[in-house]
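Here is the structure we will look at.
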Amino acid sequence: MPLIRIDLVEGRSNGQITAIADNIQKTLVDVYALPERDRFQIITEHPANRMIALDVGLGIERTAQVVIIQIFTQAGRSTEDKQAFFQALAANLGAVGVNGEDLIVGFVENSPADWSFGFGRAQYITGELEKPGD
Amino acid sequence: MPLIRIDLVEGRSNGQITAIADNIQKTLVDVYALPERDRFQIITEHPANRMIALDVGLGIERTAQVVIIQIFTQAGRSTEDKQAFFQALAANLGAVGVNGEDLIVGFVENSPADWSFGFGRAQYITGELEKPGD
Amino acid sequence: MPLIRIDLVEGRSNGQITAIADNIQKTLVDVYALPERDRFQIITEHPANRMIALDVGLGIERTAQVVIIQIFTQAGRSTEDKQAFFQALAANLGAVGVNGEDLIVGFVENSPADWSFGFGRAQYITGELEKPGD
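Residue numbers (the working numbering), protein chains in the order written: chain U, 1 to 134; chain F, 1 to 134; chain V, 1 to 134.
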């Protein structure tokens with residue numbers, strides 16, 4: 001279960017936003033072999049002056065169409081897996097109009113006991129869902 | 001100190017939203033013996049197409065009134081305690097109109113030094129507040 | 001890389017909000033020697049009844065102008081450093097109209113492999129950026 005917060009500058013069409021959300025999920029399914037229906041996304045649009053993303057000194061020139069993606073998910077993925085995910089994500093989002101220079105991504109990790117997907121049950125603990133990595 | 005982000009689909013009344021927020025807090029107080037005034041909640045309403053929550057393969061049929069709750073709080077609670085919390089939360093929110101199938105919850109953990117509740121002081125460190133578990 | 005979520009009650013002017021965001025960044029640069037352009041902030045305004053912040057029993061009397069700041073950043077800073085940050089932040093925000101009693105701050109930690117600042121690269125891992133603490 002990743003819970004994904006997608007924050008972006010307002011001005012994209014509904015179709016573009018849907019394509020971004022779909023391609024984030026597609027990348028998770030492709031790279032992490034996530035079940036297709038393991039999808040939890042909260043999308044928030046902001047005025048341009050409410051999202052600030054500078055270049056950290058990397059010389060990145062961002063446009064006004066920054067996208068910040070926060071992925072809350074279980075710990076246990078390797079650095080190499082994260083790198084593969086970032087790379088595939090940039091390719092998949094590039095295909096739907098998110099420039100590489102506008103794409104900022106961060107993982108925040110927790111553990112299987114931290115999730116309930118419905119009915120007040122911790123489905124990774126009850127065994128209704130297989131724990132990631134099992 | 002939990003900081004709770006409550007994201008829900010727009011369309012509920014102010015009274016319903018207040019009841020949801022109140023019952024989340026009541027559950028924390030009841031299950032975790034949290035002080036009643038240890039309450040920090042940020043509630044955000046979203047258009048239905050900006051919150052996506054599928055069923056992870058569990059066969060859950062969600063309505064259009066999904067509620068996603070993120071709880072940022074100190075590490076140290078057991079899996080059993082989290083399960084008790086999820087269960088009580090579903091019961092308490094069920095009583096105010098949140099269906100079990102629409103309730104998604106995730107914990108994200110930090111530590112006592114990570115919080116300041118006012119005046120730039122880390123009150124768990126200064127001793128103004130007792131550390132959880134002490 | 002800290003990613004900072006700044007949630008505040010609506011009603012402040014654009015100039016006030018910019019001053020708050022600027023002073024959060026200034027504090028990070030001053031206390032943590034962060035590069036000035038290592039700045040990532042998402043600012044969200046909320047109706048007053050959508051942000052609830054009680055006093056935890058500390059006797060803090062908040063106004064209607066609460067500011068909650070969440071800092072997602074790499075692990076590794078000491079308790080003393082966090083205390084210094086909280087203290088400097090309260091001073092710097094006090095100078096731009098955020099009362100100490102309205103300032104709530106929480107850290108959530110991750111690691112260098114968890115970030116990509118653009119182009120799908122994990123710049124702390126590729127060596128394009130020096131890891132914090134190196």
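Beta carbons are placed, not taken as given, at the ideal position from N, Cα and C, and that holds for glycine.
Just so you know, these numbers come straight off a predicted model, no measurement behind them.
- Query: What are the boundary residues of the beta strand (DSSP E) that Asp-7 (chain F) is part of?
  - Reply: Element bounds for Asp-7 (chain F): 3-9.
- Query: With a CB to CB cut of under 6 Å and the five nearest residues on each side skipped, what residues in its chain are close to Leu-129 (chain V)?
  - Reply: Excluding five sequence positions before and after Leu-129 (chain V), the CB atoms of its chain that fall closer than 6 Å to its own CB belong to Gln-123, given in chain order.
- Query: Between Ile-43 (chain F) and the rest of its own chain, which residues show a CB-CB distance below 7 Å, the 5 nearest in sequence each way excluded?
  - Reply: Answer for Ile-43 (chain F): Ile-6, Ile-17, Ala-21, listed in chain order.
- Task: Determine, using beta carbons only, whether Gly-120 (chain U) and Leu-103 (chain F) come nearer to each other than 8 Å.
- Result: In contact: Gly-120 (chain U) and Leu-103 (chain F) (Cβ atoms closer than 8 Å).
- Task: For Asn-49 (chain U), count neighbouring Cβ atoms within 10 angstroms of its own Cβ and tell me buried if that reaches 16, exposed if not.
- Result: Its Cβ having fewer than 16 others within 10 Å, Asn-49 (chain U) is exposed.
- Check each residue of the region 111-133 of chain F: if its Cβ is closer than 7 Å to any Cβ of chain V, include it; give the result in chain order. Taking 7 Å as the Cβ-Cβ cut-off against chain V, the residues of the region 111-133 of chain F that qualify are Ala-113, Asp-114, Trp-115, Ser-116, Phe-117, Gly-118, Phe-119, Gly-120, Arg-121, Ala-122, Gln-123, Ile-125, Glu-128, Leu-129.
- Three-state secondary structure (DSSP) of Gln-25 (chain V): Gln-25 (chain V) falls in the helix class under three-state DSSP.
- Are there three or more Cβ pairs, one per stretch, closer than 8 Å when the region 97-116 of chain U is compared with the region 94-102 of chain F? Output reads no: the region 94-102 of chain F does not touch the region 97-116 of chain U.
- Query: Excluding the five sequence neighbours on either side, which residues of its own chain have a C-beta within less than 6 Å of the C-beta of Phe-85 (chain U), listed in chain order?
  - Reply: The residues are Val-31.
- Message: Cutting at 7 Å between CB atoms, please list the residues of its own chain near Glu-109 (chain F), excluding the five before and the five after it.
- Response: Correct list, in chain order: Thr-73, Gln-74, Ala-75.
- Message: Tell me which residues of the region 23-56 of chain V have at least one Cβ-Cβ distance to chain F shorter than 8 Å, keeping chain order.
- Response: Per Cβ criterion, the list reads Thr-44, His-46, Asn-49, Arg-50, Met-51, Ile-52, Ala-53, Leu-54, Asp-55, Val-56.
- Item | Candidates F:Gln-70, F:Thr-126, F:Ile-24, of which the one nearest Glu-93 (chain F) by Cα | A quick correction: the sequence has Leu, not Glu, at residue 93 (chain F). Nearest C-alpha to Leu-93 (chain F): F:Ile-24.
- Do we get a CB-CB distance below 8 Å when we pair Asn-99 (chain V) with the residues of chain U? Interface with chain U (8 Å Cβ-Cβ cutoff): Asn-99 (chain V) is excluded.
- Query: Taking 8 Å as the CB-CB cut-off, is Leu-8 (chain F) touching chain U?
  - Reply: Output row for Leu-8 (chain F): interface = no.
- Message: Considering Cα atoms alone, identify which of V:Ile-60, V:Leu-54, V:Thr-27, V:Val-66 is closest to Ala-88 (chain V).
- Response: Selected option, being the one with the closest Cα: V:Thr-27.
- So is the beta-carbon of Gln-41 (chain V) under 7 Å away from any non-hydrogen atom of the ligand HEM? Summarising the ligand content, the structure contains no ligands, and the ligand HEM is consequently not present.
- Query: Exposed or buried, which one is Gly-11 (chain V) when buried takes at least 16 other CB atoms within 10 Å?
  - Reply: Result: exposed.
- Any idea which residues DSSP pairs Ala-53 (chain F) with across the strands? The partner list for Ala-53 (chain F) (beta bridge, DSSP) reads U:Phe-40.
- Proximal residues of chain U, C-beta to C-beta of Phe-85 (chain V) below 9 Å: Per Cβ cutoff of 9 Å: no residues; Phe-85 (chain V) is ~19 Å from chain U at best.
- Query: Quick one: Cα of Ala-90 (chain F) to Cα of Leu-58 (chain V), how far?
  - Reply: Computed Cα separation, rounded: 30 Å.
- Message: Taking 8 Å as the threshold (C-beta atoms), are Val-66 (chain V) and Val-9 (chain V) in contact?
- Response: Against a cut-off of 8 Å, the Cβ pair of Val-66 (chain V) and Val-9 (chain V) comes out as a contact.
- Can you give the Cα-Cα distance for Asp-55 (chain F) and Ala-113 (chain V), rounded to whole angstroms? Straight across, the Cα-Cα distance linking Asp-55 (chain F) with Ala-113 (chain V) is about 29 Å.
- Item | Contact list for the region 62-82 of chain F against chain V, Cβ threshold 7 Å | Residues passing the 7 Å Cβ filter: Phe-72.
- Task: Specify the secondary structure class of Val-105 (chain V) as computed by DSSP and reduced to three states.
- Result: Reduced to three states, the DSSP call for Val-105 (chain V) is strand.
- Using only alpha-carbon positions, find the residue among V:Met-1, V:Asp-81, V:Phe-117, V:Ala-64 that is nearest to Pro-47 (chain V). Answer by Cα proximity: V:Ala-64.
- Which of the three DSSP states, helix, strand or coil, is assigned to Glu-80 (chain U)? Three-state result, Glu-80 (chain U): helix.
- Query: Does Leu-21 (chain V) get closer than 8 Å to chain F when you measure Cβ to Cβ?
  - Reply: First, the amino acid is wrong: residue 21 (chain V) is Ala here, not Leu. Answer no: the Cβ-Cβ gap between Ala-21 (chain V) and chain F never drops below 8 Å.
- Item | Contact under 8 Å by Cβ, Arg-62 (chain V) with Ala-53 (chain V) | With contacts defined as CB atoms closer than 8 Å, Arg-62 (chain V) and Ala-53 (chain V) qualify as a contacting pair.
- Closer than 8 Å, CB to CB, is Val-96 (chain U) near chain C or not? Of the protein chains in the structure, U, F and V, none is chain C.
- Task: Taking Leu-3 (chain F) as the query, report the chain U residues whose CB atoms sit under 7 Å from its CB, ordered along the chain.
- Result: When 7 Å is used as the limit between beta carbons, Leu-3 (chain F) is near no residue of chain U, the shortest such separation being about 13 Å.
- Select from V:Ser-13, V:Gly-127, V:Pro-35 the residue whose C-alpha is nearest the C-alpha of Pro-2 (chain V). The shortest CA-to-CA distance from Pro-2 (chain V) to any of V:Ser-13, V:Gly-127, V:Pro-35 is the one to V:Pro-35.
- Where does the unbroken alpha helix (DSSP H) through Thr-63 (chain F) begin, and where does it stop? It is not in any alpha helix (DSSP H) - Thr-63 (chain F) carries neither H nor E in the DSSP assignment.
- Message: According to DSSP, simplified to helix, strand and coil, what is Phe-117 (chain U)?
- Response: Phe-117 (chain U): coil per DSSP, three-state reduction.
- Item | Between the CA atoms of Thr-126 (chain V) and Phe-107 (chain V) - distance to the nearest angstrom | So the two alpha carbons sit approximately 26 Å from each other.
- Query: Quick one: does Gly-11 (chain V) have its CB under 8 Å from some CB of chain F?
  - Reply: By this cut-off, Gly-11 (chain V) is not an interface position.
- Message: Just to confirm before moving on: does the CB-CB distance between Ile-4 (chain V) and Ile-71 (chain V) stay below 8 Å?
- Response: Result yes, Cβ atoms of Ile-4 (chain V) and Ile-71 (chain V) sit closer than 8 Å.
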